[in-house]
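The listed protein sequences derive, respectively, from chains A and B. Each residue of the first sequence is one higher than the last, beginning at -2 in our numbering. Each residue of the second sequence is one higher than the last, beginning at -2 in our numbering. Comments concern the structure below.
There are 2 protein chains.
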Amino acid sequence: MSLSHIDLPKDMPQPDAEGCQATREILDRIGDKWSLYIIATLANGARRFNELKRGIDGISQRMLTLTLRGLERDGLLTRTMYPTIPPRVDYELTALGMTLLGPVMSLVNWANANKSAISEAHRRFDEESEPERISVQGVIYQRR
Amino acid sequence: MSLSHIDLPKDMPQPDAEGCQATREILDRIGDKWSLYIIATLANGARRFNELKRGIDGISQRMLTLTLRGLERDGLLTRTMYPTIPPRVDYELTALGMTLLGPVMSLVNWANANKSAISEAHRRFDEESEPERISVQGVIYQRR
DNA sequence: CTGTATCCAGTTGGATACTG
DNA sequence: CAGTATCCAACTGGATACAG
Chain A
-2 MSLSHIDLPK
8 DMPQPDAEGC
18 QATREILDRI
28 GDKWSLYIIA
38 TLANGARRFN
48 ELKRGIDGIS
58 QRMLTLTLRG
68 LERDGLLTRT
78 MYPTIPPRVD
88 YELTALGMTL
98 LGPVMSLVNW
108 ANANKSAISE
118 AHRRFDEESE
128 PERISVQGVI
138 YQRR
Chain B
-2 MSLSHIDLPK
8 DMPQPDAEGC
18 QATREILDRI
28 GDKWSLYIIA
38 TLANGARRFN
48 ELKRGIDGIS
58 QRMLTLTLRG
68 LERDGLLTRT
78 MYPTIPPRVD
88 YELTALGMTL
98 LGPVMSLVNW
108 ANANKSAISE
118 AHRRFDEESE
128 PERISVQGVI
138 YQRR
């Protein structure tokens, strides 16, 4: 990956096409409706199936199972069965899953720091479309 | 947000429930099929509609329009029209959009660093289900 | 050039019932 | 307890045609 372009203001890091491809794949996982909540819960340590179900508000049994399978398939968590009666299954982040917490926290922090800015942007955009911008003779006008 | 729990190994940062809520919202945006590519392209500077279309392989006109509208609504980019014939429209990241590049790059770097690990996990999981783990008498056995 | 409108197939995820 | 199976409504996104 080429992360450094010098022709840019403030040597801003940039994603590139190849990098996006790999990133799209993990976004297909953690970008779904429930993965983030599961990862966040397991960040506090191993949990059993129903602990996760109770801890994640609104998740259905079906989606919990499916999402856990997906994360397991990606090698982000392990599934350990205790062949007892009643059965018990523990889910736990793998070392790989743990390393994902860094990037994820980066996003979480950004989201929290900027959620009001985004809400404000929504408000402006929704009440009769975003301050429209036109450019005439090279001069930019923003609607009032 | 409570980011520091001391009862955890290596003071790992952790997302919490409230934090996840805000993060889910931005994942609903950048987690979709095309936003990441648009953000990545605009990280190199302003682009017009058809520049984006040509630069992002496979995107349809419809999805480019819709995705740009979503990003604009979130305040991540601006849309500037040049009322000429033929018309010209420039899209450019806002200051807010720029700040998102940090967290996004964090994910992109993680994805690139670990894509082979994930592929390997897929391979193992798919060829007759992930090394199954059971725990008997407190001892964990992994299938061979 | 930069869109909008329509149609339609595929996917996602919720509700519910059933099982070892 | 920890799933699986089935059904179904809603959403996502692609193809295509048309417009200012």
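Glycine included, C-beta positions come from ideal geometry on N, C-alpha and C. Keep in mind the model is a prediction, meaning the values are calculated, not measured.
Worksheet item: Are there 16 or more other CB atoms within 10 angstroms of the CB of Ser1 (chain A), so buried, or fewer, so exposed?
Response: Taking the first residue of the first sequence as position 1, residue 1 (chain A) is located at position 4. Because Ser1 (chain A) carries a pLDDT of 37, less than 50, the predicted location of this residue cannot be relied on, and the following value inherits that uncertainty. By the neighbour-count rule (16 or more Cβ atoms within 10 Å), Ser1 (chain A) is not buried but exposed.
- Item | Distance CB(Arg26 (chain B))-CB(Leu68 (chain B)) smaller than 8 Å | The sequence position of residue 26 (chain B) within the second sequence is 29, counting from 1. The sequence position of residue 68 (chain B) within the second sequence is 71, counting from 1. A contact, by the Cβ cut-off of 8 Å.
field: Residues near Arg130 (chain B) in its chain [Cβ-Cβ closer than 8 Å; skip 5 each side]
entry: Counting from 1 along the second sequence, the entry for residue 130 (chain B) is found at position 133. Only Ile137, Tyr138, Gln139 and Arg140 meet the Cβ criterion.
query = How about Phe46 (chain B): is its C-beta nearer than 8 Å to some C-beta of chain A?
reply = Within the second sequence, residue 46 (chain B) is the residue found at index 49, counting from 1. Cβ-Cβ to chain A under 8 Å: no for Phe46 (chain B).
- Message: In this structure, how does DSSP classify Gln139 (chain A) when only helix, strand and coil are distinguished?
- Response: The count along the first sequence starts at 1 and reaches residue 139 (chain A) at position 142. The answer is strand: DSSP assigns Gln139 (chain A) an E or B state.
Exercise. Any residues in the segment 79 to 98 of chain A with a beta carbon nearer than 8 Å to a beta carbon of chain B? Which ones, in chain order?
Worked result: Tyr79, Pro80, Asp87, Leu93, Met95, Thr96, Leu97 and Leu98
At a cut-off of 7 Å, would you count Pro83 (chain A) as near the ligand COA, judging by its Cβ distance to the nearest heavy atom? The model on display carries no ligand, and the ligand COA is accordingly not part of it.
So what's Ile131 (chain A) in DSSP terms, helix, strand or just coil?
-> Taking the first sequence and counting its residues from 1, one reaches residue 131 (chain A) at position 134. Three-state DSSP puts Ile131 (chain A) in a strand.
Where Glu124 (chain B) falls: helix, strand or coil (DSSP)
Position 127 of the second sequence holds residue 124 (chain B). Residue state, collapsed to three classes: coil.
Span of the alpha helix (DSSP H), counted from its first residue to its last, around Leu39 (chain B): For the purposes of this step, residue 39 (chain B) is identified with residue 42 of the second sequence, where counting begins at 1. Ser32 to Leu39 is the span of the alpha helix (DSSP H), which, as asked, contains Leu39 (chain B).
- Query: Would you call the CB atoms of Leu39 (chain B) and Glu89 (chain B) closer than 8 Å?
  - Reply: Here residue 39 (chain B) refers to the residue found at position 42 of the second sequence. Here residue 89 (chain B) refers to the residue found at position 92 of the second sequence. Closer than 8 Å, so yes.
Any C-beta of chain B sitting closer than 8 Å to the C-beta of Glu124 (chain A)?
In the first sequence, the residue the question calls residue 124 (chain A) occupies position 127. No, no contact with chain B.
| query | Cβ atoms of Ala37 (chain A) and Asp13 (chain B): under 8 Å apart, would you say? | reply | Numbered from its first residue, the second sequence carries residue 13 (chain B) at position 16. Numbered from its first residue, the first sequence carries residue 37 (chain A) at position 40. Yes, Cβ-Cβ distance for Asp13 (chain B) and Ala37 (chain A) is below 8 Å.
**Message:** Quick check on DSSP: helix, strand or coil for Thr77 (chain B)?
**Reply:** Against the second sequence, residue 77 (chain B) aligns to sequence position 80. Strand, per DSSP.
Reduced DSSP secondary structure (H/G/I, E/B, other) of Asp87 (chain B)
Here residue 87 (chain B) is taken as the residue at index 90 of the second sequence, counted from 1. Strand, per DSSP.
- Which residue or residues does DSSP assign as beta-bridge partners of Arg146 (chain A)? Nothing can be reported for residue 146 (chain A): it is not among the residues displayed for chain A, which extend from -2 to 141.
Exercise for the section: Would you check if the segment 90 to 107 of chain A and the segment 105 to 125 of chain B touch, i.e. whether three or more CB-CB distances between them fall below 8 Å? Expected result: yes
Given this structure, state the Cα-to-Cα distance separating Pro128 (chain B) from Asp54 (chain A), to the nearest angstrom. As a first step, residue 128 (chain B) is located in the second sequence; it is residue number 131 there, counting from the start. As a first step, residue 54 (chain A) is located in the first sequence; it is residue number 57 there, counting from the start. Distance between the alpha carbons of Pro128 (chain B) and Asp54 (chain A): 30 Å.
Practice prompt. Could you check what DSSP says for Pro12 (chain A) in three-state terms: helix, strand or coil?
Written response: Within the first sequence, residue 12 (chain A) is the residue found at index 15, counting from 1. Coil.
- By how many angstroms is the C-alpha of Met102 (chain A) removed from the C-alpha of Thr77 (chain A)? Here the question's residue 77 (chain A) lines up with position 80 in the first sequence. Here the question's residue 102 (chain A) lines up with position 105 in the first sequence. Taking the straight line joining both Cα atoms gives about 26 Å.
Report task. State the CB to CB distance for the pair Gly16 (chain A) and Ala118 (chain B), rounded to an integer number of angstroms; the pair is presumed to be in contact (CB under 8 Å). Result -> By 1-based counting over the first sequence, the position of residue 16 (chain A) is 19. By 1-based counting over the second sequence, the position of residue 118 (chain B) is 121. The Cβ separation is near 20 Å, so there is no contact.
Classification of Ile23 (chain B) by the beta-carbon crowding that lies within 10 angstroms, buried from 16 upward:
Translated into the one-based positions of the second sequence, residue 23 (chain B) becomes position 26. It is buried - the Cβ of Ile23 (chain B) has at least 16 other Cβ atoms within 10 Å.
**Asked** Which value, in whole angstroms, describes the spacing of the CA atoms of Ile115 (chain B) and Arg121 (chain B)?
**Response** Position 118 of the second sequence holds residue 115 (chain B). Position 124 of the second sequence holds residue 121 (chain B). Near 10 Å, if we compare the C-alpha coordinates of Arg121 (chain B) and Ile115 (chain B).
- Query: Between which two residues does the alpha helix (DSSP H) harbouring Gly72 (chain B) extend?
  - Reply: Residue 72 (chain B) sits at position 75 when you count from the first residue of the second sequence. Where Gly72 (chain B) is concerned, there is no enclosing alpha helix (DSSP H), given that its DSSP letter is neither H nor E.
- [ ] Select from A:Ile35, A:Ser113 and A:Pro100 the residue whose C-alpha is nearest the C-alpha of Asp87 (chain A).
- [x] Walking along the first sequence from the start, residue 87 (chain A) turns up at place 90. Here the closest residue by C-alpha is A:Ile35.
Check your understanding: If we count the other Cβ atoms within 10 Å of its Cβ and call it buried at 16 or more, is Asn47 (chain A) buried or exposed?
Key -> Mapped onto the first sequence, residue 47 (chain A) falls at position 50. Asn47 (chain A) should be labelled exposed.
### Query
If you draw a straight line from the alpha carbon of Ile56 (chain B) to that of Gln134 (chain A), how long is it in whole angstroms?
Position 59 of the second sequence, counting from 1, holds the residue named residue 56 (chain B). Position 137 of the first sequence, counting from 1, holds the residue named residue 134 (chain A). So the alpha carbons of these two residues sit roughly 32 Å apart.
- Message: Quick check: what's the CA-CA separation for Arg145 (chain A) versus Arg70 (chain A)?
- Response: Lying before the first or after the last residue shown, residue 145 (chain A) is absent from chain A, which here runs from -2 to 141.
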